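**Q** One structure, as structure tokens, below. Some questions next.
Numbering (our numbering), first residue to last: 2 to 343.
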């Protein structure tokens, strides 16, 4: 599954990603100058009132989902019903809407929650909800799927209590926004161990509060231009495995983008190892999945060729030096011979 990184840069935000089959959308959100609206952009210099979160994403998503769930079929819904998603060929797939909070989360996130209300009213949001069937009796299920899964990251991760909207009491029995857990810390903060008295687990991030678990690829794995080392693969697998039993989806950002064969090699390894969501900038390549093969073969060939050329250069230099030295010795010997006069 692909995640449309910095989706707002695309010619058709949201629609381009959905057309490519991506199930993850990312938007950076900022408060406008008077704090009454949310704008989308990479930095403050690119913000404009026309590029708001509501106009670019919330309203288009609502339009698509209303078409997929016409009133004659979705007007008498119950709390346990499931709305159809944005993909007609696979309507049970959820679209993960990742919101990167660039301002103070305590001020930004409550406004995000308010603007999501139209999606909430239609039960279009994946949610945690304790449902009472009668006084004192509750359904065992508390995670309810929906067409859109809202995940907060950025400043919200360090201020996770800002997600307790509108208050902690309501959050305890209902919430429809989840956090992006720090993947580099996950194996240390989510642990499962076996002791003589049985298994024990310590979980700081679980699927009731978080959905993604992400980290910078460059910072946690590093350069893999010469291939993944044993240690790098162990780190990758440990993080993915911890996320899997924690029921969270892994996502690595800051992936290499050039050369193309190098990028495709990293994509291939991450997909093979079971990463939850593949962070994508090039939608066309991700959609075709015609990723360049044989990066490591080409890398070995390039290194071998470089070594061969280097050794040939050294050998030629040595033979050239020896030939020049012999020539100089002959000239010196010729100059030392006495000149015979007749």
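Glycine included, C-beta positions come from ideal geometry on N, C-alpha and C.
As the structure is a computational prediction, the values presented were derived from the model and not from experiment.
Do you know offhand how far residue 248's Cα is from residue 261's?
**A** 32 Å
**Q** Might you give, ordered along the chain, the residues of its own chain that have their beta carbon closer than 7 Å to the beta carbon of residue 272, omitting 5 neighbours on each side?
**A** 279
**Q** Inspect the beta-carbon positions of residue 58 and residue 112 and report whether they are closer than 8 Å.
**A** no
**Q** Would you decide whether residue 321 is buried or exposed? Buried here means 16 or more other CB atoms lie within 10 Å of its CB.
**A** exposed
**Q** Does the segment 202–213 come close enough to the segment 228–242 that 3 or more CB-CB pairs lie under 8 Å?
**A** No: the two stretches stay apart, fewer than three of their Cβ pairs being nearer than 8 Å.
**Q** Given this structure, state the Cα-to-Cα distance separating residue 35 from residue 177, to the nearest angstrom.
**A** 26 Å
**Q** Compute the distance between the beta-carbons of residue 147 and residue 128, then report whether it is under 8 Å.
**A** For residue 147 and residue 128, yes; Cβs fall inside 8 Å.
**Q** Roughly how many whole angstroms lie between the Cα atoms of residue 312 and residue 217?
**A** Inter-residue distance for residue 312 and residue 217 is about 39 Å (C-alpha atoms, whole angstroms).
**Q** Note down the Cα distance separating residue 202 from residue 191, rounded to an integer number of angstroms.
**A** 7 Å
**Q** Once you ignore the five residues that flank residue 92 on each side, which residues in its own chain have a CB closer than 6 Å to its CB?
**A** Taken in chain order, the residues that qualify are 85, 86.
**Q** The beta strand (DSSP E) with residue 62 in it runs from where to where?
**A** Note, residue 62: premise wrong, no beta strand (DSSP E); alpha helix (DSSP H) at 60–69.
**Q** Assess contact between the segment 143–162 and the segment 102–111, defined as three or more Cβ pairs (one per stretch) separated by less than 8 Å. Is contact present?
**A** yes
**Q** Over what stretch of residues does the alpha helix (DSSP H) that includes residue 231 continue unbroken?
**A** 231–246
**Q** Indicate whether residue 28 and residue 41 have their beta-carbon atoms separated by less than 8 Å.
**A** yes
**Q** If I follow the unbroken alpha helix (DSSP H) through residue 107, where does it start and stop?
**A** 106–116
**Q** Tell me residue 211's beta-bridge partners as DSSP assigns them.
**A** 180
**Q** My assumption, with CB atoms under 8 Å, is that residue 226 sits in contact with residue 175. Please give the rounded CB distance.
**A** Not really, about 48 Å apart at Cβ, beyond 8 Å.
**Q** Go ahead and pull the three-state DSSP assignment for residue 225.
**A** coil
**Q** Taking the C-alpha atoms as reference points, what is the distance between residue 89 and residue 51?
**A** 29 Å
**Q** Can you give the Cα-Cα distance for residue 236 and residue 259, rounded to whole angstroms?
**A** 23 Å
**Q** Between the C-alpha atoms of residue 116 and residue 228, what's the straight-line distance to the nearest angstrom?
**A** 45 Å
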